[in-house]
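Asks: To start, I am sharing the structure in question, which I have written as structure tokens.
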Amino acid sequence: YQAPGKRDVIAVKENGIKKTLQKRYLLYSLRGVHQLFLEENPNINVGQSMFQDLRPPNVLYKSSTPHNTCVCLYHENIDLLLKSLKDHVHNFNSINLHSFIKLLVCDENRELCMFSNCEMQECK
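For the sequence shown, position 97 (counting from the first letter as 1) is numbered 97 according to the UniProt record's numbering, and the numbering increases by one without interruption.
In structure tokens:
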């Protein structure tokens with residue numbers, strides 16, 4: 001999530017030159033983002049602590065998200081549901097929100113798939 005406001009910036013020094021970068025907020029936990037990175041880049045071996053150290057300074061943690069960002073029942077409930085299923089279902093530890101969505105739709109980047117209006121056979 002990228003902060004929309006003109007004043008939602010962070011000043012960063014890069015090579016001795018001060019520049020401003022727009023604030024961005026992680027919508028996943030850092031552990032979840034690290035897991036996604038490892039899935040998408042299997043040939044890169046980086047631990048969670050190094051991954052955390054390499055985080056750009058304008059990317060802020062989920063806990064720093066402003067209070068006017070929606071975390072209502074409809075948007076946050078599925079993440080909480082998946083977390084509780086991990087405690088009660090055997091071999092459910094590898095499922096996160098991203099991989100769960102991949103199980104439900106054929107293409108998560110197509111709006112028709114995400115709204116259950118897809119005509120492709122994989123979605124039916």
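C-beta: ideal position from N, C-alpha, C; glycine also.
Using the three-state DSSP reduction, which class does LEU82 fall into: helix, strand or coil?
Replies: As a first step, residue 82 must be located in the sequence shown, where it is residue number 82. It is helical.
Asks: Check ILE17 in the structure and name its three-state DSSP category.
Replies: Against the sequence shown, residue 17 aligns to sequence position 17. In this structure, ILE17 counts as strand in the three-state DSSP scheme.
Asks: What is the DSSP secondary structure of ARG24, counted as helix, strand or coil?
Replies: To locate residue 24, count along the sequence shown from 1; it is residue 24. ARG24: strand per DSSP, three-state reduction.
Asks: Below 7 Å between beta carbons: does that hold for HIS98 and LEU36?
Replies: Within the sequence shown, the letter at position 98 stands for residue 98. Within the sequence shown, the letter at position 36 stands for residue 36. Yes, the pair counts as a contact, with Cβ atoms nearer than the cut-off.
Asks: Can you find at least 3 beta carbon pairs, one from the stretch 97-112 and one from the stretch 57-64, that sit closer than 8 Å?
Replies: No, because fewer than three Cβ pairs between the stretch 97-112 and the stretch 57-64 fall closer than 8 Å, the two stretches do not touch.
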